[in-house]
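Same order as they appear, the protein sequences are chains B and R.
Just remember that this note's numbering sits 182 ahead of the position in the first sequence, which is counted from 1.
Just remember that this note's numbering sits 333 ahead of the position in the second sequence, which is counted from 1.
Ideal placement from N, C-alpha and C gives every residue a C-beta, glycine not left out.
To keep things clear, I will list the structure first and then write my remarks on it.
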Amino acid sequence: MVEKKKKQQAVNGNDAVPSPSSSSSPWQAFLVHLLSGLGLASALGVAHKFYSANLVSDPLHTLRLIWVIEAPIVVLIYSMFRSNPKQCSYWKAVGRGILGLPVGAVVNALGAIALGAPVGPKYFLKTVNWSLLMSLFTVVPAASVFGSSWTDWIRLFGHTKPSGSNDYMICLPAHGAVIGAWFGAWPMPLDWDRPWQEWPICVSYGAIAGYLIGMVASFGLVLLRGERQHIKGE
Amino acid sequence: MFIDLQFNVVFVMQELYEIPPSFDRLVLMVIDGLPAEFVLGRDDRPPSMVIEEVMPYTQSLLASGMAFGYHAKAAPPTVTMPRLKAMVSGAIGGFLDVAFNFNTQALLDDNLIRQFFNIGWQMVMLGDETWLKLFPGLFTRHDGVSSFYVKDTVQVDYNVSRHLGDELNRTDWNLLILHYLGLDHVGHIGGRSSVFMGSKVKEMDEVIKMIHLSTKQFQDNDQGRTLLMVVSDHGMTENGNHGGSSYEETDSLVLLVGLKPKASDYQLVTHSTIHQVDIAPTLALLFGVPIPKNNVGMMIAEAFDSLTDDQQLRILELNSWQLLRLLQVQIPGLSCGSLSCDVLSNDQWLGITECNGSDEEMLCCLFANAVVLHKSWKSKKISRSNSGDEYHMTVLAYDNFLGAASKWLSGRATYKPAGVLIAGVAAMVFSCLVFIGLLFWLDQEVYPCKVCHLSDVKDIVLKCHFDETYVLAIIFILVLSMGSSSMVEEEQYIWHFLTSTFYLVLLRKAVQSLIARTRQNLISLIKGQNRSSYIQVSSIILILITGRIMRGWHQGGVNWAHLPDISKWLEQAGRCYVKSIQLVSWVLIMSLGVYSLFSLQSKKYSAMVIGLTFLVPGALVMQHIIEYQDTSFAASSYGSNSTVQIIYTLLGVSTLGAFFGVPWLMPVPSPKILSVHTGSLSSNFLADLRMKFLVVGFRDSIYVIGWAYIHYWCLLQLLLQQPTNSMPVLFLLVQILAGMYYCSKGGIHLKHFAYVAGLYYLGLAGHFALGNTNTLATIDVAGAFIGISSHSTLLSGILMFIITYASPMLALLSMVMYMAVKETCAPVNAQDVDIGHFLKMTVSFPCLVPLGLNSIVLVAYTIVLLLMRNHLFVWSVFSPKYLYVCATTACVYIGVSVVSLTAIYTSFVFAFRSRYVAVLHQR
């Protein structure tokens, strides 16, 4: 599932040396992840409090609420870490992120459908909202930070070779979300007759869980890396 | 003389039984697939109003106490033949009987019908011809109907009823068997709530009425008493299928009409539950024949109400003796029978003890109690101090023994010796280990650790390992999921999910290599490779898209089978859509065939000949589709049959022709031109020649043979599969060919076994895309009779196998083509071209990988089945799945032997030809 994103980079590819991405400190990483996580939590909280809905009872509106609340947070935060701040203004990075949202959604939706997600008018809106959420987890941060720098995309998603704390912050949660969604699909064919076995509820749970785990791992790695560099510096 | 002897037998039996038979004649009416719920209701609820209204006569019989109705629990597998066996022999058969449901052989075990025959009964059978196969030659008159044309719901029953009036007026028979199949067919077509169900049930009710009125008339004229027994062999699920062990399927009916009316509570009459095997001893005792030896049932007490107390106890005793004898066979040491005879004493109460302890002791003790009580009752009776109380105690004691013995024996019927099982599993594990070991060893040989010491490609190695471990992970995930019954039921999701994930992983890899190459496109040569990478990417995308469409074609499974899918939509949309789909698939399959044949680089001329032989059966298939498939059941007409037989012959002949002829006829680039610069006939030249023959010639001819296998197979499937399945067949072909393209353009970045496993997985995922499931209900029975004029079990069995295993077999046959397109590690050094080494390099992986993967599944599933043998769903889910696993194993072995035979034969032919040419040159 991780792999479908590579199609879009297949077209282009210039032979540039991987640009040295600006590093961020562990605290920044922590803050970024904390805010993203809080965004998710607050979206779920708002859904519960004001609409008395959750993913199980009303997946469509809850997913929509989550991505509407999460989108500005992710785009605005990750745009601050844009890879070449000198040539690229903050708002341009924000624009790239916003553009990345529907593109990433299409890629995610295609991947999910290839793996067997149901199609049809009944599921259309659910799939759209789910893939927009997945796009926020996977494509949007990378779009904000790297824009159309294909070598970076390939490094992160083609080869999964993150280097530098920015890479960790983008790559690990994205992979976590995709792998989590993959595992989240497993209970669907079981005959337990639970409402959460419907598409896309358990897949969304899996994706969110994977995303959270990915964020924790990314923070841990950034922390580890920072310490190592610190030691090296001394 | 003979008649005398028969009368003697009857006389002796009656003497032995001490009871006169209660009836003179028996009408056994079998209504296939009628759930008892329709007649008797379920759980204290009366039957649904609709059904009650259409069965007025039967309901009135039940209400007035003229008839006794029972829910008879049928043992799985709930298909007709094993159930009939259980009814007439009282024994519970094995699950393997399912496999023989369509291939019935004469029942040789002790059974009622033979007993009746032995006492000289004249028997008449009308209906399902399974009876005729089970009891060949025993019926005086018969009119068998076939149960295969499931879509016929009217004619099958008319063929039975047309003789009924005549037969009922005759007096020359003692047993009349009527087997009505129509209701089962209605269920198969439209489920329980089909619109035809009401009228069909009403028809059955009228038959019951007709028989009952006629028998009453007979009785009034003193022409003998007739018992009417209405039974069903099994029930049906909501969708009308059967075979499993759900309540709906096992809830069969027993209705006794003609016993002495007993004014009793309607609820009581309709809600007692018995077992289907109880029919055998009941009938045997009612008609005074020996109870079948292997019977595990106990007689239905109500049937003997009209007898005296003495006779009833005798009946119980007879049934107990029979069960005890069966127990003694099962437990060799059981000797309580002799013991209890000695116990008889004046103080009979001494013998009565609380029964507990091991099963054997308990059964023994129960039997002893019953015997003691019976004896004491008899002695009391002689001394004229008959007490009702003691009689009831005796009956109770017998009932206890019969119940316990019957239960114990039923459980025993499925018992298998542990030693044999362990040996079998050990053998399977051993063969599985041999396969895996061979594969591992080959892998080591082909890829001699060449990347280990290159540290800078370490991460690429890691990536490789991810893809390849995922290939193995698929099979292990599958095995793990097999432990859950719902995962077995919904296996199609798992296969599609895992296979698509595998191809997504490959897509990622293809994109990676694409980009890696564009980076270094300084060398212009790479550009060609870049193009091949694009081909790789697009072929994987094609595989993914077609795979997804095929997943949507049949919903499949059990729990969500009712959801809409493409095939249902097509069926609703009408025949012309289905037909256009068929024609489109035909055109595309033909053009794909021609295209892929001409994409062979060398020698178009020879390919043309093969192409021509391909077009002829293709055109015939087309003609058959257009002309005959409209008229679905007139399809067995003479013209259609002969067309189909011609197609079979043509396909068979041209496949064999390709197999034998192509290696001899395939032209090989003349070695003379090549050897111009070598000058003389050096050993170098000879080796070159050999290599040319082995590598180029072998590859070309294997390509053509593989092509022929794949396309002829697809044509055959177009002919045999249901019309809606023609598009999935096309998609399967597209997937396989796309897989071929992917393999042929592949660099070094995947190991052999991953490619082969990928193709094999495509085949297994496609198996479910053609509408197959792990229940026996989805096997296409109707298709197995296409083009067969006379009934032949072997031929229709083969056709059924071909239809069911269309997709895995296609994947296996494609291995022949795979050997041609995949750049095998061609011998770098021309000197050491050795045919053995060459074969090892080309044939081993395509053959060993499917064998190894299948043997892992087989072993794991055997163990799962043994662990699950007490699971609730063992009969409905796990056992049918095991039959499928075994059939898949057979399929893999057939496919692999075809592949290996082809490769070995072709390579030997080329070795011979190269030697011949070499000899020519040396002269």
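{"Check": "Residues near R/Asn-572 in its chain [Cβ-Cβ closer than 7 Å; skip 5 each side]", "Outcome": "Gly-524"}
{"Check": "Proximity of R/Ser-918 and R/Met-1060 at Cβ, strictly below 8 Å", "Outcome": "yes"}
{"Check": "Status (buried if at least 16 other CB within 10 Å, exposed otherwise) for R/Lys-740", "Outcome": "exposed"}
{"Check": "Best match in R/Leu-1181, R/Pro-1183, R/Val-1182, R/Tyr-1217 for proximity to R/Thr-1195 [C-alpha to C-alpha]", "Outcome": "R/Tyr-1217"}
{"Check": "Range of the contiguous beta strand (DSSP E) that encloses R/Leu-560", "Outcome": "559–564"}
{"Check": "Neighbour flag for B/Asp-240 against chain R, beta carbons, 8 Å", "Outcome": "no"}
{"Check": "Beta-carbon contacts of R/Cys-1219 that lie in its chain and below 8 Å, excluding the five residues immediately before and after", "Outcome": "Leu-1191"}
{"Check": "Neighbouring residues, chain B, relative to R/Leu-1097 (Cβ below 8 Å)", "Outcome": "Residues of chain B passing the Cβ test: none, with the nearest at roughly 15 Å."}
{"Check": "Listed by chain order, chain B residues near R/Gln-845 by CB distance under 8 Å", "Outcome": "Lys-188, Ile-336, Gly-340, His-341"}
{"Check": "Integer-rounded CB distance, given that B/Cys-353 should sit under 8 Å from B/Gly-366", "Outcome": "So it is not a contact: roughly 20 Å between Cβ atoms."}
{"Check": "Residue nearest to R/Leu-592 in terms of C-alpha spacing, selected from R/Ala-636, R/Gln-777, R/Leu-1234", "Outcome": "R/Ala-636"}
{"Check": "Residue-level contact to chain B via CB, R/Arg-881, 8 Å cutoff", "Outcome": "yes"}
{"Check": "DSSP three-state assignment for R/Val-360, whether helix, strand or coil", "Outcome": "strand"}
{"Check": "C-alpha distance - B/Ala-399 paired with R/Cys-1047, whole-angstrom precision", "Outcome": "50 Å"}
{"Check": "Whole alpha helix (DSSP H) elements within the region 508–551 of chain R, 4-residue minimum", "Outcome": "515–523"}
{"Check": "Chain-ordered chain B contacts of R/Tyr-580 [CB-CB under 7 Å]", "Outcome": "Chain B residues near R/Tyr-580: none, gap ~16 Å exceeds 7 Å."}
{"Check": "Own chain, CB closer than 6 Å to R/Phe-620, minus 5 neighbours either side, in chain order", "Outcome": "Pro-354"}
{"Check": "Through-space distance from R/Phe-371 to R/Lys-542, alpha-carbon basis", "Outcome": "17 Å"}
{"Check": "Cβ-based contacts, 8 Å cut-off: residues of the region 824–835 of chain R near chain B", "Outcome": "Tyr-826, Ile-827, His-829, Phe-830, Ser-833, Thr-834"}
{"Check": "CB contact check: R/Asn-1297 to chain B, cutoff 8 Å", "Outcome": "Outside the modelled stretch of chain R, which goes from 334 to 1256, sits residue 1297 of chain R, for which no answer is possible."}
{"Check": "C-alpha distance - R/Thr-976 paired with R/Ala-1071, whole-angstrom precision", "Outcome": "32 Å"}
{"Check": "Proximity below 8 Å, CB of R/Pro-1179 to CB of R/Val-1225", "Outcome": "no"}
{"Check": "Under 8 Å by beta carbon: chain B residues contacting R/Arg-375", "Outcome": "Under the 8 Å cutoff, chain B gives no residues; its nearest Cβ is about 22 Å from R/Arg-375."}
{"Check": "8 Å Cβ cutoff met for R/Val-622 and R/Ile-452", "Outcome": "yes"}
{"Check": "Residues near R/Leu-328 in its chain [Cβ-Cβ closer than 7 Å; skip 5 each side]", "Outcome": "The structure shown does not extend to residue 328 of chain R, since chain R spans only 334 to 1256, so no value can be given for it."}
{"Check": "Secondary structure, alpha helix (DSSP H): runs of 4+ residues fully inside the region 450–507 of chain R", "Outcome": "463–467, 488–494, 497–502"}
{"Check": "Residues that R/Ser-987 bridges to, as DSSP identifies them", "Outcome": "Paired residues: none, contrary to the question."}
{"Check": "Residue burial classification, R/Ser-653 (beta-carbon count within 10 angstroms, cutoff 16)", "Outcome": "buried"}
{"Check": "Whether R/Val-563 touches R/Met-399 by CB criterion (8 Å)", "Outcome": "no"}
{"Check": "For R/Tyr-403, three-class secondary structure by DSSP", "Outcome": "strand"}
{"Check": "Against chain B: residues of the region 1119–1144 of chain R by CB proximity under 9 Å", "Outcome": "none"}
{"Check": "Cβ shell of B/Val-228 (< 8 Å), same chain only, five flanking positions each side left out", "Outcome": "Leu-247, Ile-251"}
{"Check": "Check whether R/Val-421 and R/Ala-613 have beta carbons under 8 Å apart", "Outcome": "yes"}
{"Check": "R/Pro-1000 - DSSP class collapsed to helix/strand/coil", "Outcome": "coil"}
{"Check": "As assigned by DSSP and simplified to three states, the class of R/His-707", "Outcome": "helix"}
{"Check": "Selection from R/Phe-1086, R/Ala-1153, R/Tyr-1074, R/Ile-979 that minimises the alpha carbon distance to R/Gly-1120", "Outcome": "R/Ile-979"}
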